[in-house]
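See below for the structure under consideration.
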Amino acid sequence: MQTTTSVYPDKRGRFGEFGGKYVPETLMSAIEELEQALDEAMASDEFEKEYVEHLREFAGRPTALTYAKNISEKLGGAKIYLKREDLVHTGAHKLNNAIGQALLAKRMGKTKIVAETGAGQHGVATATIAARFGLSCKVFMGAEDMERQALNVFRMELLGAEVIPATSGSQTLKDATNEAIRYWVTHAEDTFYLIGSVVGPHPYPKMVRDFQRIIGDEAKEQFTARESRLPDEIIACVGGGSNAIGTFYPFIEDDVRLIGVEAAGKGVDTDQHAATITHGKKGVIHGSLTYLLQDEAGQITEPYSISAGLDYPGVGPEHAHLASTGRVQYEAVTDQQALDALKLLSVEEGIIPAVESAHALAKAFERAGKLTPNDTILVCLSGRGDKDVHTLMKHFKGGDES
1 MQTTTSVYPD
11 KRGRFGEFGG
21 KYVPETLMSA
31 IEELEQALDE
41 AMASDEFEKE
51 YVEHLREFAG
61 RPTALTYAKN
71 ISEKLGGAKI
81 YLKREDLVHT
91 GAHKLNNAIG
101 QALLAKRMGK
111 TKIVAETGAG
121 QHGVATATIA
131 ARFGLSCKVF
141 MGAEDMERQA
151 LNVFRMELLG
161 AEVIPATSGS
171 QTLKDATNEA
181 IRYWVTHAED
191 TFYLIGSVVG
201 PHPYPKMVRD
211 FQRIIGDEAK
221 EQFTARESRL
231 PDEIIACVGG
241 GSNAIGTFYP
251 FIEDDVRLIG
261 VEAAGKGVDT
271 DQHAATITHG
281 KKGVIHGSLT
291 YLLQDEAGQI
301 TEPYSISAGL
311 DYPGVGPEHA
321 HLASTGRVQY
331 EAVTDQQALD
341 ALKLLSVEEG
351 IIPAVESAHA
361 LAKAFERAGK
371 LTPNDTILVC
381 LSGRGDKDVH
391 TLMKHFKGGD
401 ES
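Read in order, the letters of the sequence shown correspond to residues 1 to 402 in full-length UniProt numbering.
So, in structure tokens, the structure goes:
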């Protein structure tokens with residue numbers, strides 16, 4: 001696998017002060033087994049060859065780099081390019097990581113996969129690759145998310161996965177993750193926990209980043225071939241943060257402005273948002289130290305976003321580190337701003353993006369107007385909007401779903 005000169009994570013699995021392994025003793029042996037297997041796999045030319053072959057022949061990589069000509073001219077500012085992860089098989093960037101982890105599971109001799117999902121994109125990707133590799137698959141999903149993403153629930157079941165509702169708390173991604181970890185604790189002997197974002201204890205944030213950096217590696221090559229230089233700005237949405245870190249990572253040491261966009265929900269001045277870095281505090285969630293939404297007593301508070309993929313109360317520890325050092329700028333976009341951007345891209349470019357991706361688009365459209373036609377912005381279009389059709393119909397035809 002390719003590497004940059006970035007030293008993070010360190011030997012303790014930390015990105016600066018963030019990250020680590022905050023797990024119960026019962027999980028430590030499984031974590032250490034995974035860490036050793038990952039190190040061996042990443043050093044294997046045979047493993048890399050197999051991973052790249054599945055990306056090309058099954059996932060459909062490389063994905064396109066599309067110049068959004070109509071919107072660029074309409075806004076009258078910077079040229080906007082889209083890295084089209086919506087064109088990956090299953091409709092989102094999630095399959096890149098699912099292929100890598102499923103190959104690792106097979107290499108470790110595991111026969112069962114357990115996963116969590118919020119918007120359902122990771123669940124569909126996991127169910128898809130489990131079917132292809134002959135692995136049994138259980139996916140935990142918040143009951144609220146199952147209702148919002150009924151189409152993806154059906155897709156997972158059609159692929160042979162068992163979708164198990166998480167009915168505690170807000171019945172969203174946080175609760176699905178809790179249930180998946182509980183299941184893994186008692187079934188680690190034959191089960192691989194396939195995490196969908198750059199969260200969780202070490203080595204998960206590093207592993208997911210390294211499987212997702214294919215987005216940034218391809219974008220760098222494609223953009224340079226098109227414009228003979230790097231983009232001036234790169235923008236991606238951030239929930240847990242896998243599409244963003246996969247896009248940003250190959251550019252970390254370049255002179256490029258990097259902007260991560262969180263979900264401001266109904267506004268960061270309300271209690272209904274998921275702006276974890278903007279308004280979070282340091283704490284431990286799902287095995288790592290990072291920024292998370294919590295009350296004065298340190299209890300995790302419920303996030304909110306119209307996007308099921310962004311309403312997670314924590315964020316990947318590498319994003320927390322990049323925010324603390326100032327290398328990446330993190331801003332927040334409301335539900336309405338995201339939906340306006342989604343509508344504009346649909347009408348002007350013939351592309352219906354995922355609601356998650358629309359958060360990044362909203363910020364890109366705002367930034368474009370402040371730049372000149374000589375400037376360029378690259379946006380990671382992390383997924384397509386088919387899964388969000390019911391949410392969009394409620395909003396555009398019948399009022400806000402909430």
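Glycine residues also receive a C-beta, built at the ideal position from the N, C-alpha and C atoms.
| Check | Outcome |
| --- | --- |
| Report the start-end ranges of each alpha helix (DSSP H) in the region 228-292 that is 4 residues or longer and not cut off at the edges. | 242-248, 276-279 |
| Measuring only the C-alpha atoms, how far is F248 from G216? | 6 Å |
| What first and last residue would you give for the alpha helix (DSSP H) that runs through V52? | 45-54 |
| Taking DSSP's pairing of strands, which residues face V347 in a bridge? | V347 is not bridged to any residue. |
| Who are P165's beta bridge partners in DSSP? | M141 |
| Any contact of the region 174-184 with the region 131-140, i.e. 3+ C-beta pairs under 8 Å? | yes |
| Among V199, F251, E253, which residue has its Cα nearest to the Cα of G20? | V199 |
| Tell me which same chain residues have a C-beta within less than 6 Å of the C-beta of Y8, skipping the five on either side of it? | F15 |
| Please report the distance separating the alpha-carbon of I71 from that of E227. | 18 Å |
| Look up V389 in the DSSP assignment and say whether it is helix, strand or coil. | helix |
| Can you give the Cα-Cα distance for P205 and F154, rounded to whole angstroms? | 29 Å |
| So, for P62: in the same chain, excluding its five sequence neighbours on each side, which residues have a beta-carbon less than 6 Å away from its beta-carbon? | E218 |
| Please classify L82: does DSSP put it in a helix, a strand, or coil? | strand |
| Indicate whether K112 and D190 have their beta-carbon atoms separated by less than 8 Å. | yes |
| Which residues mark the beginning and the end of the alpha helix (DSSP H) in which E25 is found? | 25-42 |
| For S242 and S197, which I take to be in contact (beta-carbon distance under 8 Å), what is that distance rounded to the nearest angstrom? | 4 Å |
| For chain D, find out if any of its Cβ atoms is closer than 8 Å to the Cβ of L103; answer yes or no. | You won't find chain D in this structure, because it holds only one protein chain. |
| Would you decide whether T5 is buried or exposed? Buried here means 16 or more other CB atoms lie within 10 Å of its CB. | Model confidence at T5 stands at a pLDDT of 49, short of 50, so the residue's coordinates are unreliable; what they give is reported in the following sentence. Classification for T5: exposed. |
| Just how far apart, CA to CA, sit E349 and E73? | 12 Å |
| Under DSSP, the beta strand (DSSP E) around T301 begins and ends at which residues? | Counting along the chain, T301 falls outside any beta strand (DSSP E), and DSSP gives it neither H nor E. |
| With H, G and I counted as helix, E and B as strand and the rest as coil, what does DSSP make of V315? | coil |
| Taking C-alpha atoms, which residue in A105, A360, R367 lies nearest to F192? | A105 |
| List, from N- to C-terminal side, the alpha helix (DSSP H) runs of 4 residues or more that fit wholly inside the region 170-218. | 173-187, 204-212 |
| Could you check the C-alpha separation between E157 and K387 for me, to the nearest Å? | 15 Å |
| Do you know offhand how far F223's Cα is from K79's? | 12 Å |
| Do N374 and I214 have their C-beta atoms within less than 8 Å of each other? | no |
| Per DSSP, what are the beta-bridge partners of F15 in this structure? | F18 |
| Just reading off the beta strand (DSSP E) that K112 is part of, what are its end residues? | 112-117 |
| Considering T128, what are the terminal residues of the alpha helix (DSSP H) in which it resides? | 121-133 |
| Using the three-state DSSP reduction, which class does Q337 fall into: helix, strand or coil? | helix |
| Do G316 and T334 have their C-beta atoms within less than 8 Å of each other? | no |
| So, are the CB atoms of F18 and H279 less than 8 Å apart? | no |
| Measure from the alpha carbon of G240 to the alpha carbon of each residue in L392, N152, H122, I377, then state which is nearest. | H122 |
| Pick helix, strand or coil for E401, following the three-state DSSP scheme. | Reliability fails at E401, whose pLDDT of 46 lies under 50, so the model's placement of it is uncertain and the value that follows must be treated cautiously. Here E401 sits in coil by DSSP. |
| Taking the alpha carbon of K94 as the point to measure from, which residue in L27, S357, L378, L361 has its own alpha carbon closest? | S357 |
| Rounded to whole angstroms, what is the Cα-Cα separation between M207 and G287? | 15 Å |
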